[in-house]
Amino acid sequence: MGNKIVRSELIKEAIIEDPLVRLPIDEFEEYKLICLDEGKIPAPPEPEQHEYVSYIDTIGRDKYFRKPTEARAEELFHAHVWQEGCCWGEGDDLLIQWACTSNSYVVYSYFVDIDDDHHIYIIDYCKDKAHDLIEDKQQVSIWTEQAKQYRLQHIKPA
């Protein structure tokens with residue numbers, strides 16, 4: 002099994018519009034590659050996040066969407082991204098990963114594709130007000146549908 006990390010068109014456009022968006026996306030991709038290499042697929046288990054620091058110090062809590070059930074079925078996740086004003090520790094003394102939260106997320110999905118590769122699809126980057134967006138049922142439904150449509154294009158037909 003190999004690994005694939007793919008950026009949505011929305012992410013590609015966001016980077017063109019604001020080149021500063023590239024850094025958190027690049028760091029997220031680096032973090033995901035480490036997760037995949039360590040067998041923490043698609044994310045470190047929650048108990049481990051309660052015990053250890055993150056593989057990358059700018060990526061925090063990484064968890065699946067608990068609601069709606071369609072989002073869970075599509076393996077929709079969000080990972081917190083460090084932003085100005087966050088206190089995730091001092092110097093080399095970082096907080097455990099689960100304690101590292103922010104109002105900035107990367108939204109992504111996970112599936113095993115037609116090539117039997119682990120596939121991470123980066124759907125969106127919420128630079129600010131991510132907590133509001135995650136509670137917006139319509140927005141979560143849009144992300145879920147994007148994840149589903151992308152997955153269906155990259156899996157074996159039923």
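Just so we're aligned: the sequence shown equals residues 2 to 159 in the numbering used here.
Backbone N, C-alpha and C fix where the C-beta goes; we use that ideal spot for every residue, glycine too.
| Asked | Found |
| --- | --- |
| Alpha-carbon spacing of residue 31 relative to residue 159, whole angstroms | 32 Å |
| Separation of residue 44 from residue 37, as counted between CA atoms | 8 Å |
| Which of helix, strand or coil DSSP assigns to residue 91 | strand |
| Residue range of the unbroken alpha helix (DSSP H) whose run includes residue 53 | Segment: none, residue 53 is in no alpha helix (DSSP H) and carries neither H nor E. |
| Within 9 Å, strictly: CB atoms of residue 1 and residue 34 | Residue 1 lies beyond the residue range present for the chain, which begins at 2 and ends at 159; the question has no answer from this structure. |
| Helix, strand or coil at residue 29 [DSSP, three-state] | helix |
| Residue span of the beta strand (DSSP E) that contains residue 132, given as start and end | Run containing residue 132: none in the beta strand (DSSP E); it sits in the alpha helix (DSSP H), 131-136. |
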